[in-house]
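Residue numbers (our numbering), protein chains in the order written: chain W, 228 to 499; chain C, 228 to 499. Everything on this sheet refers to the single structure shown next.
Number of protein chains: 2
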Amino acid sequence: MRIGIVAPSAPLDRAVADRVTALAAASHPDVELVFHPQCFSTHNHFAGADRERAEAFVAVANDPAFDALWFARGGYGSCRIVEAVVAALGPTARDKAYLGYSDAGFMLAGLYKAGFPRLAHGPVVGDMKREGGEAAIHRALDWLARGDPAALEPSLMPGTAYAAFNITVLSQLLGTALEPDLSGHVLMLEEVSEYLYRTDRALFHLTGNPGIARVAGIRLGRVSDVPENDPDFGETEEETARFWCERTTIPYLGRADIGHDVGNKVVPFGIY
Amino acid sequence: MRIGIVAPSAPLDRAVADRVTALAAASHPDVELVFHPQCFSTHNHFAGADRERAEAFVAVANDPAFDALWFARGGYGSCRIVEAVVAALGPTARDKAYLGYSDAGFMLAGLYKAGFPRLAHGPVVGDMKREGGEAAIHRALDWLARGDPAALEPSLMPGTAYAAFNITVLSQLLGTALEPDLSGHVLMLEEVSEYLYRTDRALFHLTGNPGIARVAGIRLGRVSDVPENDPDFGETEEETARFWCERTTIPYLGRADIGHDVGNKVVPFGIY
Numbered sequence: 228m229r230i231g232i233v234a235p236s237a238p239l240d241r242a243v244a245d246r247v248t249a250l251a252a253a254s255h256p257d258v259e260l261v262f263h264p265q266c267f268s269t270h271n272h273f274a275g276a277d278r279e280r281a282e283a284f285v286a287v288a289n290d291p292a293f294d295a296l297w298f299a300r301g302g303y304g305s306c307r308i309v310e311a312v313v314a315a316l317g318p319t320a321r322d323k324a325y326l327g328y329s330d331a332g333f334m335l336a337g338l339y340k341a342g343f344p345r346l347a348h349g350p351v352v353g354d355m356k357r358e359g360g361e362a363a364i365h366r367a368l369d370w371l372a373r374g375d376p377a378a379l380e381p382s383l384m385p386g387t388a389y390a391a392f393n394i395t396v397l398s399q400l401l402g403t404a405l406e407p408d409l410s411g412h413v414l415m416l417e418e419v420s421e422y423l424y425r426t427d428r429a430l431f432h433l434t435g436n437p438g439i440a441r442v443a444g445i446r447l448g449r450v451s452d453v454p455e456n457d458p459d460f461g462e463t464e465e466e467t468a469r470f471w472c473e474r475t476t477i478p479y480l481g482r483a484d485i486g487h488d489v490g491n492k493v494v495p496f497g498i499y
Numbered sequence: 228m229r230i231g232i233v234a235p236s237a238p239l240d241r242a243v244a245d246r247v248t249a250l251a252a253a254s255h256p257d258v259e260l261v262f263h264p265q266c267f268s269t270h271n272h273f274a275g276a277d278r279e280r281a282e283a284f285v286a287v288a289n290d291p292a293f294d295a296l297w298f299a300r301g302g303y304g305s306c307r308i309v310e311a312v313v314a315a316l317g318p319t320a321r322d323k324a325y326l327g328y329s330d331a332g333f334m335l336a337g338l339y340k341a342g343f344p345r346l347a348h349g350p351v352v353g354d355m356k357r358e359g360g361e362a363a364i365h366r367a368l369d370w371l372a373r374g375d376p377a378a379l380e381p382s383l384m385p386g387t388a389y390a391a392f393n394i395t396v397l398s399q400l401l402g403t404a405l406e407p408d409l410s411g412h413v414l415m416l417e418e419v420s421e422y423l424y425r426t427d428r429a430l431f432h433l434t435g436n437p438g439i440a441r442v443a444g445i446r447l448g449r450v451s452d453v454p455e456n457d458p459d460f461g462e463t464e465e466e467t468a469r470f471w472c473e474r475t476t477i478p479y480l481g482r483a484d485i486g487h488d489v490g491n492k493v494v495p496f497g498i499y
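Right, dumping it as structure tokens:
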């Protein structure tokens, strides 16, 4: 199978791409990874200007020669192009699997709202840079190549709908044209590099929104690399999640095995 | 007149309170400043626990002996108490002027949505700590004590409706029970201590929300203390504001004389 890789947010290092190519060749010889040249383009904060990133995404998504589209990295930039991208996607794009997380959540949200059936929150190519990143790459390829159930977040139950997002990313798309209908979904949330007071504020925002009030429940993934709060915030991230869930009567369902780390499991969107 | 001061977010230093009291005694001898003891209380990140902060706000707002309620500081914490506070306010509370900004925007939003007629975005007591902070304090007192037009943001035009918010605060209340109807308002926005990519993302969120799409236009206040973006973001904050306004066909009306600084002018909410 052929997996096309694009970077709607930040650019990828060529050395990282080469390492992932070598790793995949050894572990998944049936997989061909094709890095769109746009992955290595740079324009200010982004992997190329908005138009270049959008065109690369559309080219790979609409190309029947690719079985899947894998996000190169997170970062920032997807929200600037997602509406134009979704409008340009044809029927072929719906047959593909899409895998990414963090800033890619803007794309997953827009695609899910548009009814794309094979979307998942999970590792990106750039996770190779993390210590022990091989595990994340293998997990991503296991899911992309053969839908390996071992790659999945372990709490998934047949017949239940799921979605997963970075807390800040989901907060920043609520109310926009990207907000998908998450009614009845178990919503898994993770965060990275945010002060706990910001996560508290974002959870106020999320749980106070009518679209999120209709989820079946929230599971909290890992909240990592939290800057030191001065003074101490005085609540753990799980206490904060429980607080807002209780306040808004959204069921808090416990932890989720997702996060900005090599342990990040795959969460397919929709009914499992 | 008597001005009651409460701190729904972060606590105030007693030394700052003393300096503002001395300044006011010299410049505005007709004004009596009354600091609620809660201003100096501390609980983790906050000026007292949620209940203490809420009770202090309600006590001052509902007390007919006070002509105005002045916010002690920004910080974080208002969103945790605002709904309980607004529900507990009686008719007397509507006769007062309320002045603050930054995190106080959560309170101003909830009060504006509840129809309070005398709300304004402007300096807080804690601005005394800034270099040249006396100017901000004098401006606040000029507006609170006598509605001095010289204290007002200079672009205000009679017959037009206005509102002003910190960008992140407004983003984090969209879609919640606090979101006021800003249809037809000139919306002034300011930001502090955020990376430009975050301001870009927050402006995607704001301008993509239907409630904000109905404003008469956006004016951009100062965007200050911006951490260095690596790589350079490549757009100024005004280019970013113009970008999102053009994308969403919201009129961009130019700059506003507000911000996290001593030059922060007063913007009364509603029709001027």
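Don't be surprised by glycine CBs; every beta carbon is placed ideally from N, CA and C. None of these values were measured; they are calculated from a predicted model.
query = Exposed or buried, R441 of chain W, counting other C-beta atoms within 10 Å across all chains shown (16 or more means buried)?
reply = exposed
task = In the DSSP assignment, find the beta strand (DSSP E) that holds I364 of chain C and state where it starts and stops.
result = Not the beta strand (DSSP E): I364 of chain C falls in the alpha helix (DSSP H), residues 360-373.
task = In the DSSP assignment, find the unbroken beta strand (DSSP E) run with I477 of chain W in it and report its ends.
result = First-last for I477 of chain W: undefined, no H or E at that position.
key: Which listed residue (W:H432, W:A324, W:F343) has its alpha carbon closest to that of E406 of chain C   = W:H432
inquiry  = Taking CB distances under 9 Å as the criterion, tell me whether T266 of chain W reaches chain C.
reply    = Per the sequence shown, the amino acid found at residue 266 of chain W is Cys instead of Thr. C266 of chain W does not count as touching chain C.
task = Please name the residues in the segment 400-411 of chain W whose beta-carbon is closer than 8 Å to at least one beta-carbon of chain C, in chain order.
result = L400, L401, G402, T403, A404, L405
ask   = To which residues of the same chain is G302 of chain W closer than 6 Å at the C-beta, ignoring the five residues directly before and after it?
value = S236, A237, D330
ask   = Exposed or buried, D257 of chain W, counting other C-beta atoms within 10 Å across all chains shown (16 or more means buried)?
value = exposed
query = Per DSSP, V413 of chain W is paired with what?
reply = W:Y389, W:G444
request  = Kindly indicate if chain W contains any beta-carbon less than 9 Å away from that of C306 of chain C.
outcome  = yes
inquiry  = Please tell me whether E259 of chain W has its Cβ less than 9 Å away from any Cβ of chain C.
reply    = no
ask   = In chain C, which residues lie with their C-beta within 9 Å of the C-beta of Y479 of chain W?
value = The contacting residues do not exist; Y479 of chain W stays about 17 Å from chain C at best.
inquiry  = Looking only at its chain, what residues have a beta carbon closer than 8 Å to the beta carbon of A251 of chain W, apart from the 5 residues adjacent to it on each side?
reply    = V258, L260, I364, L368
inquiry  = Helix, strand or coil, according to DSSP, for F262 of chain W in the structure here?
reply    = strand
query = Going by beta carbon distance, what residues of the same chain come within less than 6 Å of S420 of chain C, once the five residues before and after it are set aside?
reply = D452
query = If contact means a Cβ-Cβ distance below 7 Å, which residues of the segment 410-425 of chain W contact chain C?
reply = Y424
ask   = From W:D322, W:A362, W:V352, W:G332, pick the residue whose C-alpha is nearest to that of W344 of chain W; which is it?
value = Here residue 344 of chain W turns out to be Pro, not Trp, going by the sequence shown. Closest by alpha carbon: W:D322.
query = CA-CA distance, Y328 of chain W and T319 of chain C?
reply = 50 Å
For S398 of chain C, three-class secondary structure by DSSP = helix
message = Pop quiz: Y389 of chain C and F496 of chain C are said to be a contact at Cβ under 8 Å. What is the actual Cβ separation, rounded to whole angstroms?
response = 7 Å
Neighbouring residues, chain A, relative to G317 of chain C (Cβ below 9 Å) = Looking at the structure shown, chain A is missing, and the protein chains on hand are W and C.
Reference M334 of chain C, options C:S410, C:D294, C:A391, closest by Cα = C:A391
ask   = Between which two residues does the beta strand (DSSP E) harbouring Q325 of chain C extend?
value = The sequence shown places Tyr at residue 325 of chain C, not Gln. Per DSSP, Y325 of chain C belongs to the beta strand (DSSP E) from 324-327.
task = Going by CA-CA distance only, name the one from W:S398, W:D408, W:V287, W:L416 that's closest to G349 of chain W.
result = W:L416
query = Got a sec: which bits of the segment 449-469 of chain C sit with their beta carbon under 8 Å from any beta carbon on chain W, in order along the chain?
reply = N456, P458, D459, F460, G461, E462
inquiry  = I need the straight-line Cα distance from F470 of chain C to S398 of chain C, nearest angstrom please.
reply    = 17 Å
request  = Go through its chain and collect everything with a Cβ distance to F460 of chain C's Cβ below 7 Å, but skip five positions before and after it.
outcome  = L423, Y424
ask   = Tell me the DSSP bridge mates of H348 of chain C?
value = C:G327, C:V494
request  = Given a cut-off of 9 Å, decide if G304 of chain W and H263 of chain W are closer than it, judged by their beta-carbon atoms.
outcome  = no
query = What is the C-beta distance between A234 of chain C and C266 of chain C, in whole angstroms, given that I count them as a contact (C-beta under 8 Å)?
reply = 4 Å
inquiry  = I'd like the list of long-range same chain contacts for A288 of chain W, defined as Cβ closer than 6 Å, with 5 residues on each side in sequence excluded.
reply    = L296, L316, A320
inquiry  = Please tell me whether Y339 of chain W has its Cβ less than 9 Å away from any Cβ of chain C.
reply    = no
inquiry  = Between C:V396, C:R300, C:T426, C:T387, which has its C-alpha nearest R357 of chain C's C-alpha?
reply    = C:R300
Nearest candidate by alpha-carbon position, reference A274 of chain W, set W:Y339, W:C306, W:L239, W:L371 = W:L239
ask   = What three-state label does DSSP hand R246 of chain C in the structure shown?
value = helix
message = Please state the DSSP three-state secondary structure of H270 of chain C.
response = strand
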